[in-house]
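Numbering (my numbering), first residue to last: 238 to 560.
To start, the structure under review is shown below, and the notes come after it.
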Ligand code: CP
Ligand code: NVA
């Protein structure tokens, strides 16, 4: 390619590639295919290791917020598949501050074969994907967390099998984790119920799109304010922090508002007997989730965290076009 051809190639008009930004972008069949691939790669890993599907490939990992699971599981996923991952901390890139998102996207696209990014504003991941000529993976925005939802669906299918009509109940703030969980439930034909305090509802567009998906799969989407009503018949009880990254100054107010939304043994006992309890982590123990539940027999929080590794291998292999 000469210089002019290269300049054309980095214009959004000429960029054709797949990204992983929203669960809602996948069809139900694609969602299940990714889950099947994740399970195959998980089995292969535990049976002596993965094939080096991503040999010679590099993933840039751009973080505007802290991370344990997303950072380590993506880095290890790349390593297990024979590729390489680079961690780029908030201080290093200064996404949109030191340099425009469009410029960062176009520069990185010449160095690596994929970009995973964790940002605050959802528009920023869309902008990154628009200008990047390599696949972009959403590692959490203020709006959603699709990688988490895929790992969660894997965990739920490992426990209950590939059945439709499961009841998945989310207790807490209707933000990023809840949005992607709602969408994956709708895609897979699982009923999704949320109980949140007034003023902490889910994004209206996210609900609208979940309802459209649910119409096709037969899932139901239900809303409550009372957590006790929401857990009746639940096969899965899911919670998340009351104060998300970037909302720290609201902590005291949120602790008060969400106090009735704690997932404790009493609440769990009101769900189905074999219900599992999930949390994306990090957990604020004895706030949204008691120690007794987090460390109890119905807790799935650590298998769920470990499944991030396997689900993300499937996302990487699919986006890099090797599986
Ligand atoms: N669940 C999750 O995304 O964890 P991290 O914030 O540690 O990546
Ligand atoms: N809702 C949480 C999820 C962390 C994985 C947050 O945004 O901080």
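Don't be surprised by glycine CBs; every beta carbon is placed ideally from N, CA and C.
The beta carbons of residue 390 and residue 369 sit about 26 Å from each other, so the pair does not count as a contact at 8 Å. In this structure, DSSP gives residue 506 a helical state, which the three-state scheme calls helix. Checking the 7 Å criterion, the Cβ of residue 540 is out of range of every heavy atom belonging to the ligand CP. Residue state for residue 252 is assigned as coil, using DSSP reduced to three classes. Rounded to the nearest angstrom, the Cβ distance from residue 477 to residue 516 is 7 Å, consistent with a contact under 8 Å. The straight-line gap separating the alpha-carbon atoms of residue 303 and residue 324 is approximately 12 Å. Secondary structure note for residue 458: its beta strand (DSSP E) is the uninterrupted segment 458–461.
Distance check between residue 430 and each of 351, 454, 462, 413 places 462 closest, using alpha-carbon atoms only. The Cβ-Cβ distance between residue 377 and residue 355 falls below 8 Å.
Residue 300 has its alpha-carbon roughly 11 Å from the corresponding atom of residue 375. Annotation: residue 542 to residue 238 spans about 43 Å, alpha carbon to alpha carbon. Following the DSSP letters along the chain, one finds residue 527 in no beta strand (DSSP E), marked with neither H nor E. Between the segment 465–483 and the segment 525–540, the count of Cβ pairs shorter than 8 Å is three or higher; the stretches touch.
Using a cutoff of 7 Å, the CB of residue 494 does not count as near the ligand NVA, since none of the ligand's heavy atoms is closer than that.
For residue 324, the enclosing beta strand (DSSP E) stretches over residues 321–325.
Taken through DSSP and simplified to helix, strand or coil, residue 475 comes out as strand. The way I'd put it, the segment 343–351 doesn't touch the segment 466–477; fewer than three beta-carbon pairs between them come closer than 8 Å. Put simply, of 406, 539, 367 the residue whose alpha carbon is nearest the alpha carbon of residue 422 is 406.
With contacts defined as CB atoms closer than 8 Å, residue 258 and residue 362 qualify as a contacting pair.
Residues of the same chain with a CB within less than 7 Å of the CB of residue 290, apart from the 5 flanking positions on each side, are 318, 319, 554, 559, 560 in chain order. Closest in alpha carbon position to residue 349, among 433, 292, 550, is 292. For residue 545, the uninterrupted alpha helix (DSSP H) segment begins and ends at 538–556. In the assembly as shown, residue 305 is an exposed residue. Its beta-carbon has fewer than 16 other beta-carbons within 10 Å. With respect to residue 296, residue 353 sits close: the two C-beta atoms are nearer than 8 Å. For residue 304, the shortest C-beta to heavy atom distance toward the ligand CP is below 7 Å. Counting the other Cβ atoms within 10 Å of the Cβ of residue 379 gives 16 or more, which makes it buried. DSSP places residue 358 outside both helix and strand once states are collapsed to three, so it counts as coil. Taking each of 488, 518, 442 in turn and checking the Cα distance to residue 419, the smallest one comes out for 442. Shown here, residue 516 sits in a strand according to DSSP, grouped into three states.
Closest in C-alpha terms to residue 501, from the list 468, 244, 242, 548, comes 468. Distances taken from the Cβ of residue 477 to the heavy atoms of the ligand NVA include one shorter than 7 Å.
For the 8 Å CB-CB criterion, residue 383 and residue 556 do not form a contact.
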